[in-house]
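Residue numbers (full-length UniProt numbering): 1 to 242. The C-beta atom is built at its ideal place from N, Cα and C for all residues, glycine as well. As the structure is a prediction and not an experimental result, all values here were calculated from the model.
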């Protein structure tokens, strides 16, 4: 076995320096895009805690849409939905409607049916349809937009009937349908036959909203009387010549 050569310390050599890579500055931080919110008119926005102005109604926001509809009615939605609502002049905030009081007959009707009435000259999105405009997108959003676009073209007057309380969903649903049908029938009898709110030489454009607070009490009343009084009030107060 050959002997290993003795180890010798050689001359010192500096260790090669590492070459630093050129520093690339990090791109400035940009916030993630947020859902679009529909602008509110300064005249309708209210500071928190202030009472509602005279004539206004209590805003109804269903539980399943409260995560993207603020307490002041501001709707957070997609840009596509926002552009659609603005293009068709649709109002998603039912709190902007005003109380509809048109004479003693309607006042007595409201007491007998335990109902409140509101009207807007604009077309208002039904409270339970707000779920189709959620900011994450809804699979039926396109279908609902097409439905609303067709409705704005074909129906000058929109009729909404909602209810609160009641012993069962069946009673609430049947009562709502019965009263809405009565209004439509009474309007047709007054000449508004071509479309809801459309008659020869005049039309009623906007949204009438009826809220029933006691469906059982309302179900025991005359639907025909209900429709006749509401239709007469709309014709008297809201119809316009064209």
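Tell me whether residue i is buried or exposed, calling it buried when 16 or more other Cβ atoms sit within 10 Å of its Cβ.
i: residue 170; result: exposed
i: residue 174; result: exposed
i: residue 161; result: buried
i: residue 79; result: exposed
i: residue 227; result: buried
i: residue 235; result: buried
i: residue 198; result: buried
i: residue 164; result: exposed
i: residue 284; result: Outside the shown range of the chain, which is 1 to 242, sits residue 284, and nothing can be said about it.
i: residue 64; result: exposed
i: residue 142; result: exposed
i: residue 128; result: exposed
i: residue 139; result: exposed
i: residue 189; result: exposed
i: residue 71; result: exposed
i: residue 111; result: exposed
i: residue 172; result: buried
Candidates the options: which alpha carbon is nearest residue i's?
i: residue 108; options: 95, 225, 168, 61; result: 225
i: residue 104; options: 233, 76, 182, 139; result: 233
i: residue 114; options: 100, 120, 212, 178; result: 212
i: residue 96; options: 55, 241, 63, 229; result: 55
i: residue 202; options: 183, 241, 186; result: 241
i: residue 193; options: 219, 208, 156; result: 156
i: residue 206; options: 73, 62, 88, 84; result: 88
i: residue 254; options: 223, 239, 81; result: Missing from the structure shown is residue 254; the chain here goes from 1 to 242 and no further.
i: residue 229; options: 66, 93, 117, 69; result: 117
i: residue 208; options: 195, 191, 218, 180; result: 180
Report the three-state DSSP secondary structure of residue i (helix, strand or coil).
i: residue 126; result: coil
i: residue 237; result: helix
i: residue 69; result: strand
i: residue 102; result: coil
i: residue 190; result: coil
i: residue 198; result: strand
i: residue 91; result: strand
i: residue 143; result: helix
i: residue 181; result: helix
i: residue 77; result: strand
i: residue 44; result: In this predicted model, residue 44 has a pLDDT of only 36, less than 50, meaning its place in the structure is not dependable; the value taken from the coordinates is given anyway. The answer is coil: DSSP assigns residue 44 none of H, G, I, E or B.
i: residue 50; result: Because the pLDDT at residue 50 is just 45, under 50, the model does not fix this residue reliably, and the point stays unresolved.
i: residue 138; result: coil
i: residue 220; result: coil
Could you pull the DSSP bridge partners for residue i from this structure?
i: residue 157; result: 206
i: residue 212; result: 115, 163
i: residue 120; result: 207
i: residue 56; result: 98
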